[in-house]
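Engineer: Dumping the structure here so I can ask a few things about it.
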Amino acid sequence: MHRKAQTAVPIHPLLAERWSSRAFSDDPVAPELVLSLLEAARWSASCFNGQPWRFIVATRDDPEQHARLAACFTTSNQRWVPRAWVVMIALAVDTFEVDGSANRLAQYDVGLAVQNMVVQASAHGLNVRQAAGIDIARIRAEYAVPEGVTVMCGVMIGYPGDPDTLVDPLPQRERQPRTRKPLSELCFSGRFGQAYDGLPDETR
Ligand SMILES: Cc1cc2nc3c(=O)[nH]c(=O)nc-3n(C[C@H](O)[C@H](O)[C@H](O)COP(=O)(O)O)c2cc1C
0 MHRKAQTAVP IHPLLAERWS SRAFSDDPVA PELVLSLLEA ARWSASCFNG QPWRFIVATR
60 DDPEQHARLA ACFTTSNQRW VPRAWVVMIA LAVDTFEVDG SANRLAQYDV GLAVQNMVVQ
120 ASAHGLNVRQ AAGIDIARIR AEYAVPEGVT VMCGVMIGYP GDPDTLVDPL PQRERQPRTR
180 KPLSELCFSG RFGQAYDGLP DETR
């Protein structure tokens, strides 16, 4: 099932067809595919090549570790995390290794790395759902996360599942068209808030 973006102008199918499923299938994600996701993240761009991203990873190949990591997601996310074959927590190292100075863009870089992973996953028919809803204190304690490292976001990855395995009203929600603000609310020229003057009418 695809929930392709209705774009104002064409974009690459990998981006248009990406969406965040709640339902995951029980089909295993091959270990080499999991590695390719991590490798894609590793090759992301970063400020001064600081590479501040870190990932705690568990897959359903190891049910005990998967359950341990899944338990770090909030109640709301418990509806999907147990079935996601791959579960991760993305973390950011707050300072540059080279001189210990604060890396203002560390969290930005972690987002880039996760997006690299998302695109790689999409290319293999995998679906990704990211999660703000995680128990940060529990993750810090459970995985001995040191000072100077920020726990950022949960990541659930698997093959998309049957929406009807979810409870109402989620099956309908899983099929609804995806929406976005128009470009004119997002892209400016002249001053903040003034629509970029290069936008054709159909993008407004
Ligand atoms: C940083 C981030 C945090 C998110 N947190 C959650 C979450 O805790 N639970 C959840 O079900 N979805 C979460 N999502 C998924 C978003 O709701 C979803 O990406 C958004 O509705 C847009 O849908 P789309 O990804 O299908 O385009 C999160 C997404 C991102 C990028």
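Residue numbers (numbering that gives the first Met the number 0): 0 to 203.
Built from N, CA and C at the ideal position, the CB exists for glycine as well.
I need the straight-line Cα distance from D196 to L185, nearest angstrom please.
Structural biologist: The sequence position of residue 196 within the sequence shown is 197, counting from 1. The sequence position of residue 185 within the sequence shown is 186, counting from 1. Approximately 12 Å between the Cα atoms of the pair.
Engineer: Suppose contacts are defined by Cβ-Cβ distances below 8 Å. Is P162 in contact with R174 by that definition?
Structural biologist: The residue you call residue 162 lines up with position 163 of the sequence shown. The residue you call residue 174 lines up with position 175 of the sequence shown. Yes, the pair counts as a contact, with Cβ atoms nearer than the cut-off.
Engineer: Taking the straight line between their C-alpha atoms, what separation do you get for V150 and Q50?
Structural biologist: Within the sequence shown, residue 150 is the residue found at index 151, counting from 1. Within the sequence shown, residue 50 is the residue found at index 51, counting from 1. Cα to Cα, V150 sits roughly 15 Å from Q50.
Engineer: Ignoring anything shorter than 4 residues, give me the alpha helix (DSSP H) runs that lie fully in the region 45 to 93, in order along the chain.
Structural biologist: Qualifying alpha helix (DSSP H) stretches, in chain order: 62 to 69.
Engineer: Is the number of C-beta pairs between the region 6 to 25 and the region 82 to 89 that are closer than 8 Å three or more?
Structural biologist: Segments in contact, yes.
Engineer: Which same chain residues end up closer than 8 Å to V206 when comparing Cβ atoms and leaving out the 5 residues on each side of it in sequence?
Structural biologist: Past the edges of the chain, shown from 0 to 203, lies residue 206, and the structure says nothing about it.
Engineer: Which residue's Cα is closest to the Cα of A131: H65, G189, M87?
Structural biologist: Your numbering for residue 131 matches position 132 in the sequence shown. The shortest Cα separation from A131 among H65, G189, M87 belongs to M87.
Engineer: Figure out for me which residue from A120, T94, A112 has the closest Cα to the Cα of E31.
Structural biologist: Along the sequence shown, read from residue 1 onward, the residue named residue 31 stands at position 32. Of A120, T94, A112, the residue nearest in Cα terms is A120.
Engineer: Under 8 Å Cβ to Cβ from L198, same chain only, skipping five residues before and after it: list those, please.
Structural biologist: For the purposes of this step, residue 198 is taken as the residue at position 199 of the sequence shown. Answer for L198: L182, S183, C186, listed in chain order.
Engineer: Please identify the residue among G160, L90, I156 whose C-alpha is closest to the C-alpha of A122.
Structural biologist: As a first step, residue 122 is located in the sequence shown; it is residue number 123 there, counting from the start. Closest by alpha carbon: I156.
Engineer: Could you give the residue range of the alpha helix (DSSP H) that holds N115?
Structural biologist: Here residue 115 refers to the residue found at position 116 of the sequence shown. Per DSSP, N115 belongs to the alpha helix (DSSP H) from 105 to 122.
Engineer: How big is the Cα-Cα spacing for V56 and A89?
Structural biologist: As a first step, residue 56 is located in the sequence shown; it is residue number 57 there, counting from the start. As a first step, residue 89 is located in the sequence shown; it is residue number 90 there, counting from the start. Roughly 9 Å separates the two Cα atoms.
Engineer: Skipping 5 residues on each side, what residues in its chain have a beta carbon closer than 6 Å to that of Q106?
Structural biologist: As a first step, residue 106 is located in the sequence shown; it is residue number 107 there, counting from the start. Same-chain partners within the cutoff: A91.
Engineer: Find out if the Cβ-Cβ distance for the pair F95, F47 is shorter than 8 Å.
Structural biologist: Numbered from its first residue, the sequence shown carries residue 95 at position 96. Numbered from its first residue, the sequence shown carries residue 47 at position 48. Yes; because the gap between Cβ atoms is below 8 Å, this pair is in contact.
Engineer: State the Cα-Cα distance for the pair A136 and Q77, rounded to the nearest angstrom.
Structural biologist: Within the sequence shown, residue 136 is the residue found at index 137, counting from 1. Within the sequence shown, residue 77 is the residue found at index 78, counting from 1. Approximately 17 Å, taken between the alpha carbons.
Engineer: In terms of DSSP beta bridges, what is I156 paired with?
Structural biologist: One-based indexing of the sequence shown puts residue 156 at position 157. In the DSSP output, where bridge partners are listed per residue, I156 has V85, V127.
Engineer: Within the same chain, show all residues whose beta-carbon is closer than 6 Å to that of C152, passing over the 5 residues directly before and after it, in chain order.
Structural biologist: Position 153 of the sequence shown, counting from 1, holds the residue named residue 152. Taken in chain order, the residues that qualify are A89, Q129.
Engineer: How is the alpha helix (DSSP H) around P170 delimited, first residue to last?
Structural biologist: Here residue 170 refers to the residue found at position 171 of the sequence shown. Its alpha helix (DSSP H) spans residues 169 to 172.
Engineer: Within 10 angstroms of the Cβ of R41, are there 16 or more other Cβ atoms? Answer buried if so, exposed if not.
Structural biologist: Walking along the sequence shown from the start, residue 41 turns up at place 42. So R41 counts as exposed.
Engineer: Below 8 Å on the Cβ atoms is my contact criterion, and I expect T73 with H65 to pass it. Report the Cβ-Cβ distance as a whole number of Å.
Structural biologist: Residue 73 sits at position 74 when you count from the first residue of the sequence shown. Residue 65 sits at position 66 when you count from the first residue of the sequence shown. Not really, about 17 Å apart at Cβ, beyond 8 Å.
Engineer: Beta-carbon distances below 6 Å to any heavy atom of ligand 1 define the shell here; list its residues in chain order, please.
Structural biologist: Per the Cβ criterion, the list is W18, S19, N76, R128, Q129, A130, A131, G132, C152, R177.
Engineer: Kindly indicate the opening and closing residues of the alpha helix (DSSP H) around V33.
Structural biologist: Indexing the sequence shown from 1 puts residue 33 at position 34. 30 to 41 is the extent of the alpha helix (DSSP H) around V33.
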